[in-house]
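Residue numbers (mature numbering (1 follows the signal peptide of the UniProt record, and there is no 0)): -18 to -1, 1 to 391. What follows is a single structure, written as structure tokens, with notes after it.
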Amino acid sequence: MRVFAVVIVAIQVCITFAQKNLMQETEPMVWASKLVYTIGKFVKAAREDKFQMEIPEGFPVDELTKFKDEAVDFVNEDNNNGIPFAQIMQLINANKHNLGSLGMDETTRNYVRSILEKIGAYEAQKEGNSLYLATYRSIQQKVSCVYGVVKDIDSKTIVVAFRGSQNPDFSTRDWRSNINAKMTDLKTPTLIKDKMKGKLKDRLLVHKGFYGDQRYDSILKDIEAVYEEGYTITVTGHSLGGALASMFAFKIAGSSKPWIPKPVKCVTFASPINGSSGFRTAFEQLEQDGLIKYLRITNDKDLVPSIPPNSLGLKLRALKHVGINLRLRGNGKDPIITHSSRGGFMTALQNTFLKPIWSVLHYHGMPLHEERLKEHAALLSNLSIDGLYADKSIVADGFDVEVMNRDEL
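As structure tokens, this is what we get:
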């Protein structure tokens, strides 16, 4: 059953990267990141046998029976592309009347149905199959690293979509992972190792609660299984999923494996802080070398992008954001676009202490991200991720050594 959610999650991601402007690059990612949460609901329903799944003729039932384990792997289907979305659409439509048994409210059910219509409309434009689900994995079934790998042969894109915190109420193990801000060392990426000598004033540390759940090698193998020369790799996620996405993108962008295409693109929503100043320095070197491009989208007044709560603590334990931040605001106010190379203490202070914790669910959730992206569609349609990285008023010129070694927030 978890197959359903991954299909919906990745379709919009694949569509978007055939486009150019910032609105087209980001809005579909909202849909992808929001719907990845339904994975957990389908998994739970399947395990508890809440309803009998109807299997369309010709569907690879042998793989589907793995829904009670940690993976659904279709990579050997259809010339090693995965299972076509058209085939999965048949499975979804055969079972969509059971959405109510997943605990979804009417608004969520209507949203899922609308995405199904978008998938059908997109596939109807194609002469043959273009979108494939290769793999879905839940490395620890109840929490932590949940992701899907999708292949789009039209845009030549491999997409990795990470699930966020299953419950945004701070009561689950996912959120205990967020707040338990122990740090662990991370190796300097191979491609920038020589350049980092003498530049790192701080150890390259990342949040242990995020990094320990990634299982980097396993994810990379899933990508390589469907990768073809000429394809690009993009990574996405919301909340905890955003933290996982940014660290995974960081690792593959700095990898010396010859088959990994560069730059790696990453778009996240409401990602918590997840690395030290050393991590930020190394990340910015990858950006400077054109190995990674990262757009971090947040809502003004969202508390979560400022946690773990020691992000304004002592130097040795201070955590840093990376990438270009698109901070969405309401009430007709234009978004604020900044890069980590031009960040400052007051921005971090504002994003940490001036937010009402009781409104975290409203500002943190995907619906408001989508609403504000639409509100600013005219402005965002004239921008692009590539263009933002070329704008020296946003990204510091050359990431010079003085800027890269700064100790302030």
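Ideal Cβ placement from N, Cα and C applies to all residues, glycine included.
- For the beta strand (DSSP E) holding T172, just list the boundary residues, first then last. On the sequence shown, residue 172 is found 190 positions in, with the first residue counted as 1. Looking at the DSSP string, T172 is not in any beta strand (DSSP E), and its letter there is neither H nor E.
- Straight-line Cα distance separating F232 from I74: Start at 1 with the first residue of the sequence shown, and residue 74 comes out as number 92. Start at 1 with the first residue of the sequence shown, and residue 232 comes out as number 250. Taking the straight line joining both Cα atoms gives about 34 Å.
- Message: Restricting to Cα atoms, I'd like to know which of A225, E36, A227 is closest to H79.
- Response: Indexing the sequence shown from 1 puts residue 79 at position 97. Selection A225, E36, A227 evaluated against H79 yields E36 as nearest (Cα-Cα).
- Query: For K179, which of helix, strand or coil comes out of DSSP?
  - Reply: For the purposes of this step, residue 179 is taken as the residue at position 197 of the sequence shown. Residue state, collapsed to three classes: coil.
- Task: Classify Q(-7) as helix, strand or coil using the three-state DSSP reduction.
- Result: Numbered from 1 along the sequence shown, position 12 holds the residue referred to as residue -7. Because Q(-7) sits at a pLDDT of 49, beneath the cut-off of 50, its placement in the model cannot be relied upon, and the following sentence gives the value as read from the coordinates. Of the three classes helix, strand and coil, the one that applies to Q(-7) here is helix, per DSSP.
- My understanding is that T216 touches V141, with C-beta atoms under 8 Å, so please give their C-beta distance in whole angstroms. Counting from 1 along the sequence shown, the entry for residue 216 is found at position 234. Counting from 1 along the sequence shown, the entry for residue 141 is found at position 159. Correct: roughly 5 Å between the Cβ atoms.
- DSSP three-state call for E390: helix, strand or coil? As a first step, residue 390 must be located in the sequence shown, where it is residue number 408. Legend: pLDDT at E390 = 35, less than 50; position of this residue unreliable, no value from coordinates given.
- Item | Pick from K275, L115, V128, S253 that is closest to I306, judged by C-alpha positions | Residue 306 sits at position 324 when you count from the first residue of the sequence shown. Among K275, L115, V128, S253, the Cα nearest to that of I306 is on K275.
- With distances taken Cα to Cα, identify the nearest neighbour of T172 among G236, C248, K374. Indexing the sequence shown from 1 puts residue 172 at position 190. With distances taken between CA atoms, T172 lies nearest to G236 out of G236, C248, K374.
- Under the three-state DSSP convention, the category D134 falls into: Here the question's residue 134 lines up with position 152 in the sequence shown. Strand, per DSSP.
- Message: Measuring only the C-alpha atoms, how far is T263 from K302?
- Response: The sequence position of residue 263 within the sequence shown is 281, counting from 1. The sequence position of residue 302 within the sequence shown is 320, counting from 1. CA-CA distance, T263 to K302, rounds to 10 Å.
- Does the beta-carbon distance from K138 to Y213 come in below 7 Å? Here residue 138 refers to the residue found at position 156 of the sequence shown. Here residue 213 refers to the residue found at position 231 of the sequence shown. Yes. Within cutoff.
- Task: Assign D55 to buried or exposed, taking buried as 16 or more other Cβ atoms, counted over all protein chains shown, within 10 Å of its Cβ.
- Result: What you label residue 55 is simply residue 73 of the sequence shown in a count that begins at 1. Buried.
- Task: Run the CB neighbour count on N364, radius 10 Å, all protein chains shown included, and call it buried at 16 or more, exposed below.
- Result: As a working note, residue 364 is residue 382 in the sequence shown. Only exposed fits N364, as fewer than 16 other CB atoms lie within 10 angstroms of its CB.
- Query: On the three-state DSSP scale, how would you describe A116?
  - Reply: As a first step, residue 116 is located in the sequence shown; it is residue number 134 there, counting from the start. Three-state DSSP puts A116 in a strand.
- Message: By alpha-carbon positions, which one of R197, D136, I135, L168 ends up nearest to S120?
- Response: Counted from its first residue, the sequence shown places residue 120 at position 138. It is R197 whose Cα lies nearest to the Cα of S120.
- Using the Cα positions of I279 and T320, report the straight-line distance between them to the nearest angstrom. As a working mapping, residue 279 is identified with position 297 in the sequence shown. As a working mapping, residue 320 is identified with position 338 in the sequence shown. Straight-line spacing of the CA atoms in I279 and T320 works out to 11 Å.
- Query: Does the Cβ-Cβ distance between Y345 and D284 come in under 7 Å?
  - Reply: Locating residue 345 in the sequence shown gives position 363, counting from the first residue. Locating residue 284 in the sequence shown gives position 302, counting from the first residue. Yes; because the gap between Cβ atoms is below 7 Å, this pair is in contact.
- Pick from V132, P42, T8 that is closest to K207, judged by C-alpha positions: Sequence index remark: in the sequence shown, residue 207 carries index 225 (1-based). According to the sequence as given, residue 207 is Ala; it is not Lys. If we check each option's Cα against that of A207, V132 comes out closest.
- Can you tell me whether residue 392 is buried or exposed, with buried defined as 16 or more other CB within 10 angstroms of its CB? Residue 392 is absent from the structure shown; the chain starts at -18 and stops at 391.
- Query: Where I255 and F41 are concerned, what is the direct C-alpha to C-alpha distance, given to the nearest angstrom?
  - Reply: On the sequence shown, residue 255 is found 273 positions in, with the first residue counted as 1. On the sequence shown, residue 41 is found 59 positions in, with the first residue counted as 1. Looking at the two C-alpha atoms, the distance is approximately 42 Å.
- Where A378 and F265 are concerned, what is the direct C-alpha to C-alpha distance, given to the nearest angstrom? Here residue 378 is taken as the residue at index 396 of the sequence shown, counted from 1. Here residue 265 is taken as the residue at index 283 of the sequence shown, counted from 1. Going from the Cα of A378 to the Cα of F265 covers about 14 Å.
- Per-residue DSSP class, three states only, for Y345: Stepping through the sequence shown from its first residue, residue 345 is reached at position 363. Y345 sits in a helix when the DSSP states are folded into three classes.
- Hey, would you say A248 sits closer than 7 Å to A227, going by beta carbons? In the sequence shown, counting from the first residue as 1, residue 248 sits at position 266. In the sequence shown, counting from the first residue as 1, residue 227 sits at position 245. The sequence given here has Cys at residue 248, not Ala. With respect to the 7 Å criterion, C248 and A227 are classified as neighbours on the basis of their beta carbons.
- Test item: CB-CB of L362 and M5 under 7 Å: Mapped onto the sequence shown, residue 362 falls at position 380. Mapped onto the sequence shown, residue 5 falls at position 23. Between L362 and M5, the CB-CB gap stays under 7 Å.
- Would you please state the rounded distance, in angstroms, between the beta carbons of F67 and Y129? I believe it to be under 8 Å. In the sequence shown, residue 67 corresponds to position 85, counting from 1. In the sequence shown, residue 129 corresponds to position 147, counting from 1. Not really, about 18 Å apart at Cβ, beyond 8 Å.
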